[in-house]
Structures are given as C-alpha cells and as structure tokens.
Amino acid sequence: MKKWLSMMGLFVLILALVACSNDKAEGEDGGSDGGKVELEFLVFGSTGYEKLIEEYEKENPNVKIKFNEGEMNDVHNNLFTAISAGSGAPDIAMIEVSQIAKFMQAQDRFYNLNDYGAEELSGNFLDWKWQQAQSVDGSFQIGFPTDIGPTTMFYRTDVMEAAGLPTDREELAAEIDSWEAFYEAAKTIKEKTGKPISDAPEMVFNAIRDQQEQQYFNEDEELIVEDTVKEAYDYTTKMIEEGLIGQNTLWTPEWGTAMAEGSYAAMPGAPGWMVNNVRSNAPDASGLWDVTKIPEGAGNWGGSFLTIPKESEHPEEAYDFISWLTAPEQQLEAFEIAGLFPSTPDVYENEEFLATTDEYFSGAPTAKIFAEAAQNVKPIYMGVNYAIVNTEIVTALTNVAVEGADPQAEWDAAMDRINEQLERQ
C-alpha cells in the first residue's frame, strides 16, 4: 500500500510539473496574460491611434497593443541606438519621412514587408509615398505609409483685402499662380499695408524646395544643392533683403504671435497638419484665415511610416496590425480623429471626406484642397543626411534675416559646414 501511494504521489507530481511547464511556455510565447500576443508600438506626435487600437483589440482579442508616445527626435535616436545594439527596439516603430533613408541603410535590422504580402497592398497608397519607403530596386519595403503633408498656401483675408488683392481662394490662386507673381504680390502688400507677405523665411524656402524633383542628394548620396535648391535660397534671401519676408523662426513664440496678430499675409508651403498649429496659436482669428493652392504645384512636408524591427518575435501579428491601421478605412478615421491626412487616394473619392470644411479657415473645403495637392506631389529622394543639410541652410537663412548677413557668404559658410559634417559620416 505504501509503495502504491508513493507511486501515485510521484505521478501527481509529474503531472503538476508538466502543467507548470506548459503554462510557462505559453507565457513565454504569447505574453503574460492568457497567451495574448503583446506588441509594443512606438510613435511620436498626436496620432489619435489610441481609439483605433481599441477597435483592433476588440476585433483581435488575442492581440494586446502596448502604445507608447515620444518626442520625434528621441524616438528616432533611441530606435537607431536599439537596432544598432540589437536590443531594446519595439515590435512596431514609426519613422518620419526625412529619416527613412537613414534607416533604409540598416534594412537588415527590419523585416521586409514584401515577405508578408505588402506588394499586393501597394495600390492602396499614393505612388510617391509608397516609393519613399522602398529600396531602389523595389525588392525591400521597410514600412507602410501613414499620413502625408501636401503643401498649400494659408492666407489672411484681412491683409489681402487691405492690400487690394482677392480674398476669394480661387481668385487669389489665379492671381498668385507663379513665384514671380508671389514676388509681385509681396511688393503690393508691403506698399499698401507695410507688412511682409510671409514672416518665416524657412516657409518660403521650403515651399519652393519641396516642389523640386531633386533636393539635397541624388540616389548615389551625392550632394547636389547647387543644382537644385540654390535658386530657392537666392529667391528667399532676395525677398528678405527687400523687406518682403519677415525674420521669425518656426515654432518660436514670436512666430505664433505674428500668426495671431495677422502681421503678415500668407504662409506658403503649409501642409495639412499645420491647420492645428494655426488654430492653437491664433484662437481668436477664426474666419480671418483661408486656404488656397500654392504657386506652381504642390510639395510634401512630413508624414511617416510604420516599420517592424527584426527584434520583434511576432512579425506576422505586427504586420497584420499595421496593414490594418494604414488601410483606407482606418486612415479616414485617423483623419477624423486627429487630422492625419491620408496617403490612401481611395479616401479622396469619399463624398463625406470631400465635403469636409473648416469654419476656422473661412469654411474652406480643406480636405478637397489638400487631396488635390497630394496628387500633384513629385517623388523625391531625401537622402541619409537630409537633416544635416537642411539645418545648415536654415541657419544661413536665419542669419540673413536676423543679422543682415550677406546671403552668398552665408551660403558658402553653410556649404563648408555641411561638407565637414558629411566627411565625418
């Protein structure tokens, strides 16, 4: 009897150990709660994705999304450090368009979305946007497109009226249909109102730069600014010296105050996400702002991609989530929640979307205007060291505007700084 009881006790112990082992294995494979797959999702900015995540988790109860937000530079720096070290990267990471070429150089640290069927979904997106996250030969897709920033021109109707220029958006677009016409309008505004046409030199430079087919680098990573954006720099500095453009730096308190006071006439190169900046900086200026086309076609400023670093142990689940999140239906919802402008042209045919107006911007059909701009953007290669070049050119513009520095001397100094930094890369 004692022997039989001992054998039964051993049998029960073995069953208990097996059960514990199975429970542990399930926790290791699927997360800490009941076998769910947990995906860490790292983003920057105000995306409004929390509501969409709730919807996805209800439809996919086996998936838990751990949502983390950070400051844009911190997110990129921390992500690059993590993939370089092979430790600490999330399952899903957002990367901004100006940084995507840099991370494409480390594409072996990311899953190729084409291996999971991304090519079949490429038709959902604007061609130029899809190409920005693709290898030159098209074999590697590092990310799914999220929002975009097609550029337009915001303007103060009261300043335009005081200058004797049209306040109707269609008439104004016809009046200022080229950069030469923009310059002539600037002289009229200065003469009639004493105000510059724009207060931030960077906005004017960006507007022209973003319309070019090439900007700072070609696809061989050769610096080509003299052939591409020097003309935009010269145009901007000429207007600065003539007092037709102000001296405020973007994102400063002075920039916001000028926006509220209407101390200038227009904001060329303004993307869709800028509407919230204007509204927050100038809450009492509702009905004094409007939106129209930018001279000579549109560019793009901003927008991001969702990627899956190789550290993720759940690439299929991560792919399923980001392909769902960036589908036209969810991009439309993200637009309605947080104003993220869709990169999926199917949305542009949605009647409710096209009927979207903004009373703050004088009832302008903002969605329609931005959609038309989005479809006129030219694909461009931004380059791995885009940020280095852009920072130095903006510094040169600021020195011309604030210190009255010589434009050519500032350009030459900027090129010296750029080349020094590029040599160290």
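Read in order, the letters of the sequence shown correspond to residues -21 to -1, 1 to 404 in mature numbering (1 follows the signal peptide of the UniProt record, and there is no 0). Glycine included, each C-beta is placed from N, C-alpha and C at the ideal position.
What are the start and end residues of the beta strand (DSSP E) that includes residue i?
i, result
"Glu134", "Here the sequence assigns Tyr to residue 134, which means Glu is not the residue at that position. First-last of the beta strand (DSSP E) with Tyr134: Gly122 to Arg135."
"Ala72", "Ile71 to Glu75"
"Glu19", "Val16 to Phe23"
Would you say the beta carbon of residue i is closer than 7 Å to some non-hydrogen atom of the ligand HEM?
i, result
"Gln193", "By its list of ligands, the structure shown contains no ligand whatsoever, and the ligand HEM lies outside what it can speak to."
Nearest by alpha-carbon distance to residue i: which of the options is it?
i, options, result
"Leu21", "Val208, Asn56, Phe119 and Lys272", "Asn56"
"Gly276", "Glu200, Met246, Gln354 and Phe104", "Gln354"
"Ile74", "Asn329, Pro288, Glu328 and Asp199", "Pro288"
"Leu333", "Phe314, Ser341 and Tyr339", "Phe314"
"Gln78", "Leu105, Leu58, Leu202 and Val204", "Leu58"
"Ala264", "Glu38, Gln111 and Phe133", "Phe133"
"residue 452", "Tyr243, Asn329 and Tyr339", "Given a span of -21 to 404 for the chain in the structure shown, any question on residue 452 remains unanswerable."
"Tyr298", "Asn260, Val368 and Phe284", "Phe284"
"Glu331", "Thr345, Phe340 and Ser341", "Thr345"
"Glu76", "Glu338, Gln110 and Ala179", "Note that residue 76 corresponds to Val in the displayed sequence, not to Glu. The residue with the shortest Cα to Cα distance from Val76 is Gln110."
"Glu192", "Phe23, Met394 and Pro358", "Pro358"
"Asp395", "Thr374, Met238 and Glu154", "Thr374"
"Trp158", "Asp116, Ser302, Tyr212 and Glu296", "Tyr212"
"Arg148", "Leu267, Asn364, Met218 and Tyr28", "Leu267"
"Ile121", "Gly318, Gly143 and Met83", "Met83"
"Ile176", "Tyr365, Lys30 and Met218", "Met218"
"Asn369", "Ile203, Glu33 and Val356", "Ile203"
"Gly342", "Gln226, Ile367, Val254 and Met238", "Val254"
"Tyr214", "Thr228, Glu181, Gly235 and Glu200", "Glu181"
"Ala186", "Gly281, Ser25, Ile32 and Asp70", "Gly281"
For residue i, which three-state DSSP category applies?
i, result
"Val349", "One detail in the question is off: residue 349 reads as Phe in this sequence, not Val. Helix, per DSSP."
"Pro358", "coil"
"Val208", "coil"
"Lys166", "helix"
"Ile203", "coil"
"Lys37", "helix"
"Asn197", "coil"
"Phe184", "helix"
"Gln400", "helix"
"Gln113", "strand"
"Asp87", "helix"
"Asn47", "strand"
"Asp391", "helix"
"Ala343", "strand"
"Ser157", "coil"
"Asp337", "strand"
"Ser177", "strand"
"Asp8", "Any answer about Asp8 is weak, because its pLDDT of 43 lies below 50 and its placement is not dependable; what the coordinates show is given next. Residue state, collapsed to three classes: helix."
How far does the alpha helix (DSSP H) with residue i in it extend, from its first residue to its last?
i, result
"Thr370", "Tyr365 to Glu382"
"Asn57", "Met51 to Ala64"
"Gly235", "Pro232 to Glu240"
"Glu150", "Arg148 to Glu154"
Count the other C-beta atoms from every protein chain shown that fall within 10 angstroms of the C-beta of residue i, then say buried if there are 16 or more, exposed otherwise.
i, result
"Glu240", "exposed"
"Gln387", "exposed"
"Asn1", "Any answer about Asn1 is weak, because its pLDDT of 42 lies below 50 and its placement is not dependable; what the coordinates show is given next. So Asn1 ends up on the exposed side."
"Pro274", "buried"
"Asn279", "buried"
"Lys272", "buried"
"Thr136", "buried"
"Val257", "buried"
"Ala294", "The sequence shown places Pro at residue 294, not Ala. It is buried - the Cβ of Pro294 has at least 16 other Cβ atoms within 10 Å."
"Gln404", "exposed"
"Glu371", "buried"
"Glu402", "exposed"
"Asp87", "exposed"
"residue 405", "This structure gives no information on residue 405, because the portion of the chain shown stretches from -21 to 404."
"Lys171", "exposed"
"Asp189", "buried"
"Pro250", "buried"
"Ser66", "exposed"
Residue i CB to nearest chain D CB: under 8 Å?
i, result
"Lys30", "In the structure shown, chain D does not exist; there is a single protein chain."
Runs of beta strand (DSSP E) lying entirely within the region 245 to 331, each at least 3 residues, in chain order: Here the runs fully enclosed are 245 to 250, 268 to 271 and 279 to 286.
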